[in-house]
Ligand code: BG6
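In our numbering, the protein residues as written are 60 to 543.
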């Protein structure tokens with residue numbers, strides 16, 4: 060891995076994401092020997108000193124080499140819509156570049172609302188900031204548009220300034236340890252790869268459940284909803300990693316190519332069958348498992364009492380290719396559910412005409428569960444004979460755990476650290492390529508178009524969603540496996 064010195068332009072430097080995730084991540088990366096300097100950019104007034112104190116507060120307690128890290132942070136107040144501000148920025152960046160010998164390598168991190176992406180890129184170019192003797196890379200946060208059309212427009216604006224290979228679209232789920240492990244699990248273990256298809260797999264269940272409500276993000280969330288907030292990006296990423304063909308080489312482009320093929324093969328939604336394909340729901344008041352009483356979505360601050368934004372989505376998808384013919388992929392995500400958990404369950408088919416099935420009561424299907432968070436690990440559910448004379452079968456689980464209990468309801472702390480470090484090295488594997496975004500939007504758009512006519516369903520806070528979500532699986536004779 061090459062660690063090249065870099066000048067990092069942190070747009071949205073005073074924002075929540077920067078403090079919660081980006082500064083702590085940069086600090087870890089710095090301690091691992093990466094050379095960089097940072098220019099913080101936002102509208103607010105700050106001196107270099109007051110900005111450094113702000114970054115300082117974002118770091119963990121008692122962190123070592125703190126001062127030398129903070130000394131590399133500079134601040135420049137900037138209005139993104141003012142080209143003159145960028146001319147000033149050019150001067151200070153050239154100085155810092157020379158001072159730290161950063162060889163003209165530049166990473167632009169836009170931790171901004173997407174409506175500013177285009178103008179920020181344009182103004183960077185106009186001021187000559189993107190003409191540099193080293194490399195340049197752009198990192199952007201979601202949401203990448205709100206449908207295919209707006210995403211295309213956004214992409215078009217960015218391509219005026221950056222090449223596709225220079226654009227790093229963040230999906231922080233791709234930085235999670237066990238998400239990165241899906242490929243290793245599948246392709247480094249012949250016992251799984253040989254059964255990873257419609258002949259042996261009965262269904263796949265992907266759950267991203269959250270206990271949190273919308274918190275202080277009401278204005279964003281109410282316009283977005285669970286489909287765009289979680290399905291279009293995170294769930295689609297997990298689904299493609301689970302379903303893709305083995306890439307011929309472990310190169311970013313080969314891997315991403317295989318993921319795109321999966322997205323292209325997902326059967327589009329049709330309006331007439333929509334109620335058998337998708338459920339949209341919103342939470343009502345309820346009681347969380349810890350006993351806390353929770354109001355409904357309409358009781359949240361800044362949510363209109365007639366808002367019909369969905370806080371829960373479940374869907375039954377089919378991937379129309381050879382490997383997955385006839386295998387349903389069930390997905391679900393929601394706020395204010397009974398647990399914070401991300402899991403993928405692979406349910407294997409039963410043995411045909413299995414005499415054990417008729418003899419014994421305690422026999423269940425083989426399940427492979429990939430625990431993504433808060434636990435990180437795997438479990439494989441098998442049936443064995445009970446010890447002793449009776450000879451009944453009992454289900455057992457072989458468990459592997461990384462033994463890192465993540466704090467519930469937070470982003471995996473090191474996801475951003477991994478992704479930032481990948482970007483500094485120029486490895487785009489775990490970032491979303493444009494065609495992935497585009498195909499994922501086409502699917503989401505087809506859902507939005509089809510579900511206009513289905514009424515919103517409701518679920519009690521603290522449950523695992525509405526009964527209609529169970530019905531999607533019952534159609535095929537299956538059920539959601541309880542989260543473990
Ligand atoms: C974000 C969504 O992308 O992911 C949030 O905007 C959600 O609504 C979050 O809470 C979940 O991330 P994690 O890492 O906590 O599972």
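Beta carbons are placed, not taken as given, at the ideal position from N, Cα and C, and that holds for glycine.
Query                                                                                                                                                  : Result
Assuming the contact rule is C-beta atoms closer than 8 Å, residue 23 and residue 522 should be a hit. Round their C-beta distance to whole Å, please. : No answer is possible for residue 23: it lies beyond the span of the chain, which begins at 60 and ends at 543.
Skipping 5 residues on each side, what residues in its chain have a beta carbon closer than 6 Å to that of residue 406?                                : 261, 262, 424, 426
In angstroms, rounded to a whole number, what distance separates the CA positions of residue 158 and residue 321?                                      : 47 Å
Can you give me the C-alpha to C-alpha distance between residue 495 and residue 534, rounded to a whole angstrom?                                      : 30 Å
Please decide whether residue 339 counts as near chain B, where near means a Cβ-Cβ distance under 8 Å.                                                 : Structure shown: chain B not included; a single protein chain is present.
Going by the DSSP bridge assignment, what does residue 132 pair with across the sheet?                                                                 : 97
Cα-Cα, which of 314, 81, 92, 144 is closest to residue 113?                                                                                            : 81
Our contact map puts residue 93 next to residue 62 with C-beta atoms below 8 Å; I'd like the distance itself, whole angstroms only.                    : 5 Å
Give me the Cβ distance between residue 311 and residue 488, rounded to the nearest whole Å; I'm assuming they're in contact under 8 Å.                : 4 Å
Which residue wins for smallest C-alpha separation from residue 287, given the options 137, 272, 500?                                                  : 500
Taking all protein chains shown into account, decide if residue 471 is buried (16 or more other Cβ within 10 angstroms of its Cβ) or exposed.          : Its pLDDT being 49, under 50, residue 471 is placed unreliably in this model, and the value from its coordinates should be taken loosely. Classification of residue 471: buried, given that the 10 Å Cβ count is 16 or more.
Hey, out of 382, 214, 222, whose CA is closest to residue 204's CA?                                                                                    : 214
Give the straight-line distance between the Cα atoms of residue 541 and residue 397, rounded to the nearest whole angstrom.                            : 11 Å
Please confirm whether residue 516 and residue 505 have their CB atoms less than 8 Å apart.                                                            : no
So, with DSSP's three-state summary, where would you put residue 399?                                                                                  : coil
So for residue 492, helix, strand or coil by DSSP?                                                                                                     : coil
Can you tell me the Cα-Cα spacing of residue 402 and residue 318, whole angstroms?                                                                     : 19 Å
What number of angstroms, rounded off, separates the C-alpha of residue 308 from the C-alpha of residue 104?                                           : 48 Å
In whole angstroms, what is the alpha-carbon distance linking residue 332 and residue 285?                                                             : 21 Å
Do you know whose CA, among 183, 228, 194, lies nearest residue 479's CA?                                                                              : 228
Distance check for residue 107 and residue 131, CA to CA, integer angstroms please.                                                                    : 10 Å
Reducing DSSP to helix, strand and coil, say where residue 113 ends up.                                                                                : helix
Quick check: residue 362 and residue 324, are their CB atoms within less than 8 Å of each other?                                                       : no
Could you work out which residue in 483, 421, 475 is closest to residue 455 when comparing CA atoms only?                                              : 421
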